[in-house]
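Trainee:
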Amino acid sequence: SGQLYCSLPNPRNVRFESINMKNVLHWSAPEGTGDGVLYKVKYAVYGVGKWIRKPECRNINRTWCDLSSETSDYEEQYYASVKAFLNGTCSDWMETTRFNPLTDTKIDPPMVSVSSTDKSISIILTAPEKWKGSPEEESISLLQVYPGLQYNVSVLNKKTKKRWFFSINNNTLVVPWLEPGTVYCVSAQIHVTTPLLDSGFSEEHCIATLKDK
Amino acid sequence: TAGVKIFHFGACRVPVSMTEIRAGFTAIKANIQSRDPIRTLSILSHPHSLHKVKSSDRCCITHHLFTFYVDKVFKHCRTEDSFVNRKISSIANSFLSARRKLGQCREQNNCVCGEESTERFKQILANYEGLNVTSAAMKSLGELDILLDWME
Amino acid sequence: GDALLPAPQSISVLSTNMKHFLTWSPVIVQGATVRYSVEFQGEYEREYANGSWIPTSECSLTTATVCNITEDISATVAYRLRVRAELGATRSPWGTMKGFFNRATTSLTPPLLRALADGHHLLVELADMGPTLQFQVLYWRKGQESRVRQKVVREVSSVVHLDTMEAGAEYCVKAQTHVEAINRSSSFSPTQCVRAQGDTSVWL
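Residue numbers (the working numbering), protein chains in the order written: chain A, 11 to 223; chain B, 137 to 288; chain C, 1467 to 1670.
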């Protein structure tokens, strides 16, 4: 078809939002356009000469597009771009900044599981997995992606309100010699020194040590 | 914190303040990369990825690349923005410090240059010389995280 | 012109625990407020960028005679520093500090430390001394000085757990400040000893 005259305002704030390398392109609708705007999306591997259309995000009316599969190689960097259409007119292509999955992703807190005896609690931490396209695919822990990954663990004695702080490299921690019959609340955070990436702290997992026999 | 990473090349130890360098780059990444409009070319990562370099060649390529940045790149990246200039100075001086230690590794014969690393670096220089010097320097600076990701 | 305003003198750096401050003597002009601008030059600028100078992040047209250059001295190389006085359109010549400053020469002080015993647990509280510093904490059971254990503490946001202690035993702790970027440490803090709670039946 002939080249459309693109006078539609542009999509705004086109950016990747990434958590555990699930890389989703987001944008805001062009200013002043109501319903009915449709979009199409393309992406490019930085340094490679061509833009690639994303068929599943062609003529969509939502303002996001999951490009996790297309950007799963975190040794590459990417650009993505969005164009809006309405009533026969269109906008310009609006691009993201350069996206580096390794440094531009956010990391979820670790999973925390806690068990207790009368005088100790045992904590097992599990780092989140890298996004994968299907359950059948092999799981890759973020521990493999970020070898320098550490855990910061906070243990709160609910009776004394005292909080202790542990910094560990492996994923298990046993805290012995605790007060029997006391509730302890545990939360943990992932810390990667370089690139500098910190998860938030997990929810608190509280458990009571058993009453003294 | 100033996370220093110790790189081991044979018996040679090279401490590099990676966290400081990364912090400096992160602070100016968007600014520098926005000055590089060319999406279809890369200096460091195409056609050959650094990630395919044999481990025996890592020291030599690293030394080549630190020299490349110190000799050719940083000096052509001065901008009108003094914040950006300060961060570039910080990175450049950190690179200079690390390159000196890498040079000591070469003197101790812990940094042998094989054929592959020489070929690989020639390709990088060819990519660089394929652009005018300011564009090439700005693109190279914008790709610093490619080098840092590979080093780590 | 510029000749009326003398260059600042007695320019020196005070550096403690990786915080670096440039100081100089004031340029006195009766009834006027003199302002100062500071620039720095790293080894890279000297050897590869034609000896160029870079304005500091915090001190341009400041009335103070001290400048926090910590943000600017961000590599372990030799830096040169200079200051100029300014009064309206009049500028003094640059006053350049004699010699160089390398952050590797910063003076490091031992950390403020508090050892704690909480039941059978040996804990330590450390005063925060900035992002570039970390702490090497040594701890041992009193009388077993040959079996000293070490923990590197980076985050000092709260009480850090060191170890569990044997009932009733006394444990000692000391720590030193360590800077990875310059690979140097302070002297040790004074040793502090605490005693673990007595026998286990005390919980009843």
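We put the beta carbon where it would ideally sit given N, CA and C, even for glycine.
(1) Could you run through the segment 1589-1600 of chain C and flag, in chain order, every residue whose CB is less than 7 Å away from some CB of chain A?
(2) In angstroms with no decimal places, state the Cα-to-Cα distance between residue 213 (chain B) and residue 1586 (chain C).
(3) Which ranges does the alpha helix (DSSP H) cover as unbroken runs of at least 4 residues, wholly within the segment 1499-1567 of chain C, from first to last along the chain?
(4) Any idea if residue 1656 (chain C) is buried or exposed, counting beta-carbon neighbours within 10 angstroms, 16 or more meaning buried?
(5) Distance, Cα to Cα, residue 199 (chain A) vs residue 120 (chain A)?
(6) Less than 6 Å between C-beta atoms, sequence neighbours within five positions excluded: which residues of the same chain meet that for residue 50 (chain A)?
(7) So, at 6 Å on beta carbons, what are the nonlocal neighbours of residue 270 (chain B) in its own chain, with the 5 sequence-adjacent residues on each side left out?
(8) Once you ignore the five residues that flank residue 54 (chain A) on each side, which residues in its own chain have a CB closer than 6 Å to its CB?
(9) Which two residues bound the contiguous alpha helix (DSSP H) that contains residue 265 (chain B)?
(10) Please state whether the Cβ-Cβ distance between residue 95 (chain A) and residue 35 (chain A) is less than 9 Å.
(11) Within a Cβ cutoff of 6 Å, which residues of the same chain sit near residue 1636 (chain C), ignoring the five residues on either side of it in sequence?
(12) Is there at least one Cβ from chain C nearer than 9 Å to residue 30 (chain A)'s Cβ?
(13) Assign residue 211 (chain A) to one of three DSSP states: helix, strand, or coil.
(14) Please report the straight-line C-alpha distance between residue 101 (chain A) and residue 22 (chain A), rounded to a whole angstrom.
(15) Could you tell me which uninterrupted alpha helix (DSSP H) segments, each at least 4 residues in length, are contained entirely in the segment 1579-1619 of chain C, listed from first to last along the chain?
(16) Measuring alpha carbon to alpha carbon, tell me which of B:230, B:288 and B:265 ends up nearest residue 178 (chain B).
(17) Once you ignore the five residues that flank residue 108 (chain A) on each side, which residues in its own chain have a CB closer than 8 Å to its CB?
(18) Nearest CA to the CA of residue 182 (chain B): which residue from B:155, B:287 and B:279?
(19) Which residues in the same chain have their Cβ closer than 6 Å to the Cβ of residue 146 (chain B), if we skip the five residues on either side of it in sequence?
(20) Does residue 272 (chain B) get closer than 9 Å to chain A when you measure Cβ to Cβ?
(21) Taking C-alpha atoms, which residue in A:116, A:160 and A:63 lies nearest to residue 140 (chain A)?
(22) Counting only Cβ pairs nearer than 7 Å, list the residues of chain A close to residue 223 (chain B).
(23) Give the range of the beta strand (DSSP E) segment to which residue 25 (chain A) is assigned.
Mentor: On the basis of the data shown:
(1) 1589
(2) 58 Å
(3) 1509-1514
(4) exposed
(5) 6 Å
(6) 68 and 93
(7) 212
(8) Scanning its chain for C-beta atoms nearer than 6 Å, with the 5 sequence neighbours on each side dropped, one finds around residue 54 (chain A) the residues 61 and 89, in chain order.
(9) 251-265
(10) no
(11) 1608, 1659 and 1661
(12) Judged by the 9 Å Cβ criterion, residue 30 (chain A) is not in contact with chain C.
(13) coil
(14) 11 Å
(15) none
(16) Out of B:230, B:288 and B:265, B:265 has the C-alpha closest to the C-alpha of residue 178 (chain B).
(17) 56, 87, 88 and 89
(18) B:279
(19) 246
(20) no
(21) A:116
(22) Ordered by position in chain A, no residue passes the 7 Å Cβ test against residue 223 (chain B), which lies about 15 Å from the chain.
(23) 22-29 is the span of the beta strand (DSSP E), which, as asked, contains residue 25 (chain A).
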